[in-house]
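**Q**
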Amino acid sequence: MIIGKVVANVVSTEKHPHYIGHKLLMVQVLDAYGAPKGKPLLAVDGVQAGIGDTVLVVDEGGSARSVVGDEKAVTIRTAICGIIDRIDIEGNT
Amino acid sequence: MKLGKVIGRVVCTKKLPCFDGLKLLLVQPLDHLRMEAGPPIVAFDTVKAGEGDLVFFESGKEAAQANPNGWFNPADAAILGIVDAVNAEEVS
């Protein structure tokens, strides 16, 4: 799982049937200290996240399909499975 | 998944049979401010997208699963939706 921050919501009408009924959010990947790392990606929302939330993201097909609860949605790969309240790192103030 | 913009079409006559009937498009990945994020890639289309459209695309084995000719094929990027709007707020 990776840590990210929701930076935008994405609206799409014409889409693959597997994505119907799912909210799409754009997530900027972060490192453990909250600094942006790499390019943003799109994820299906499984936890009612919103813009500004720090979230837990899975970028693996089987995990993402279990988040959306549809094991036949084989084209879904990235999903948000948690909203992070806090990250404690030893030795970090 | 990533956000992208269709910037061109790729025509390919000699190709594997599993790519028959697929439209190949050149997609520029974008970030939430619609700035370019990485080099363009070639993706096959499942939603009748066209040049200039804002789309979202999947990469990896999940993309191959969207191929109507069957799941066992070498495609590694597929356009899965046309994006109507990206609502980004400045967050601190």
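Residue numbers (our numbering), protein chains in the order written: chain A, 1260 to 1352; chain B, 14 to 105. Note that beta-carbon positions come from the ideal geometry of N, C-alpha and C, so glycine has one too.
(1) Within the same chain, show all residues whose beta-carbon is closer than 7 Å to that of Gly1309(A), passing over the 5 residues directly before and after it, in chain order.
(2) Residues of the region 82-102 of chain B with a CB closer than 8 Å to any CB of chain A: list them in chain order, please.
(3) So the candidates are Thr59(B), Asp33(B) and Glu49(B); which of them puts its Cα closest to the Cα of Gly94(B)?
(4) Using a Cβ-Cβ cutoff of less than 8 Å, which residues in the same chain neighbour Asp33(B) once the five nearest sequence positions on both sides are dropped?
(5) Taking the CB atoms as reference points, tell me whether Lys1355(A) and Pro42(B) lie closer together than 9 Å.
(6) Hey, quick one: how far does the beta strand (DSSP E) through Arg1324(A) stretch, first residue to last?
(7) At a cut-off of 8 Å, is Ile1335(A) close to the ligand NAD when judged by its beta-carbon and the heavy atoms of the ligand?
(8) Let me make sure I understand the geometry here. Which of Ala101(B), Val96(B) and Asn100(B) has the alpha-carbon closest to that of Gly17(B)?
(9) So that I know if they touch, is there some Cβ in chain B lying closer than 9 Å to that of Glu1349(A)?
**A** If we stick to the structure as given:
(1) Val1265
(2) Trp84, Ala91, Leu93, Gly94, Ile95, Val96, Asp97, Ala98, Val99, Asn100, Ala101 and Glu102
(3) Thr59(B)
(4) Asn82
(5) The structure shown has nothing for residue 1355(A), since chain A only spans 1260 to 1352.
(6) Note, Arg1324(A): premise wrong, no beta strand (DSSP E); alpha helix (DSSP H) at Gly1320 to Val1327.
(7) This structure simply doesn't include the ligand NAD, nor any ligand for that matter.
(8) Val96(B)
(9) no
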